[in-house]
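Trainee: In our numbering, the protein residues as written are 3 to 249. Positions of the beta carbon are idealized from the N, C-alpha and C atoms, including for glycine. In this text the structure is predicted, and so the values were computed from the model without any measurement.
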Amino acid sequence: MGHPLYRFWKRPDAKCIKYNQLGHEAMVEKGYKVSFEDKHCIINDGTGKEVLNIKIRGRILREFGNLSFLVSLDLGSNNFHGNLPQEMTRLHRLKFLDLSFNNLRGEVPSWFGFLHQLQVLNIRNNIFIGSIPSSFSNMSTLETLNLNFNFIEGRIPEVIGSLINLRELRLLGNKLIGSIPLSLLNASRLETLDISYNSLQGNIPEGIGNLHNMKLLSIQHNQLTGSIPFNIQYLGAGSFVTAGEQS
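Here's what the structure looks like:
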């Protein structure tokens, strides 16, 4: 709890600040290398519970696990690299986690599934490998899952369909194989489904047209066969469908 970042983020008066107010020596001591090119902001709601865009280079330190008061953590669009520390499983109050547009690598952590209050998980544009963990089924409150542009392999797990609150599922630009799981038809609140630019095979499930909340369906550039189901026309008003070419 004595970590310099923890002490700063706990301050109720922390607003948008420049990097030099973060305590350069403390951060370099801990192994961070910081870019001076942009403003570096920490934003909270007056209780120190939200962190936004601190523009840091280096590894995400295990001390982040001590910030158990956080409900929102946005480390997107930085220059973090390496694996995620498992100590982040202690962030059990998190509802929003954005790690997008970094150079994070390693297998997609199964411990994401232990963040039971998570509503938004965004790890797009990193170098994650492996498969989508079955432990994701534990995130019953999840509304947005964005894994776009990684190197994730294997099948879309059937357990994804058990996420009854899921509204947005983005798996664009990975190396996924197999068929579109029929369990997705149980995700009745789904508004966005983007599984384009993978290596998915098989037929497009006919029941996909029964997802009446769907606003965006993108399945182009896979290896899907057959025709687009007739009832896809019954998707919600204003829906946008991109089936495009199949490779």
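1. Once the 5 residues before and after Glu-145 are set aside, which same chain residues still bring their CB inside 6 Å of it?
2. For Phe-98, which three-state DSSP category applies?
3. Comparing C-alpha positions only, which one of Leu-96, Ser-198 and Leu-117 sits nearest to Leu-173?
4. Tell me, to the nearest whole angstrom, how far the beta carbon of Pro-135 is from that of Phe-114; I am working on the premise that it is less than 8 Å.
5. Look up Glu-193 in the DSSP assignment and say whether it is helix, strand or coil.
6. So, for Asn-200: in the same chain, excluding its five sequence neighbours on each side, which residues have a beta-carbon less than 6 Å away from its beta-carbon?
7. From Asp-40 to Ser-133, what does the alpha carbon distance come to, in whole angstroms?
8. Counting along the chain, where does the beta strand (DSSP E) carrying Asn-200 start and finish?
9. From Pro-111 to Ser-220, what distance separates their C-alpha atoms?
10. Does the beta-carbon of Ser-229 have 16 or more other beta-carbons within 10 angstroms, so that it is buried, or is it exposed?
11. Please classify Gly-211: does DSSP put it in a helix, a strand, or coil?
12. Distance check for Met-141 and Leu-63, CA to CA, integer angstroms please.
13. One question on the structure: do Leu-171 and Leu-147 come within less than 9 Å of each other, judged by their Cβ atoms?
14. Taking Thr-143 as the reference, give the member of Leu-165, Arg-95, Gly-84 and Asn-205 with the closest Cα.
15. Are the CB atoms of Gly-60 and Phe-82 nearer to each other than 9 Å?
16. Take Glu-155 as the anchor and find which of Gly-180, His-214 and Leu-69 has the nearest alpha-carbon.
17. DSSP on Phe-66, reduced to helix/strand/coil?
18. Classify Ala-189 as buried or exposed, calling it buried when 16 or more other Cβ atoms lie within 10 Å of its own Cβ.
19. Under the DSSP definition of a beta bridge, which residues are partnered with Gly-155?
20. Just to confirm, is the Cβ distance from Asn-127 to Asn-104 under 9 Å?
21. Tell me which same chain residues have a C-beta within less than 6 Å of the C-beta of Leu-195, skipping the five on either side of it?
Mentor: Let me spell this out:
1. Gln-121, Asn-167 and Arg-169
2. strand
3. Ser-198
4. 7 Å
5. coil
6. Asn-176, Leu-178 and Asn-224
7. Caution applies to Asp-40, whose pLDDT of 38 falls short of 50 and renders its modelled position unreliable; the model cannot decide the point.
8. Where Asn-200 is concerned, there is no enclosing beta strand (DSSP E), given that its DSSP letter is neither H nor E.
9. 26 Å
10. exposed
11. helix
12. 24 Å
13. yes
14. Leu-165
15. yes
16. Gly-180
17. helix
18. buried
19. At residue 155 the sequence reads Glu, which differs from the Gly that was named. Answer by DSSP bridge pairing, in chain order: Lys-177.
20. yes
21. Leu-171 and Leu-219
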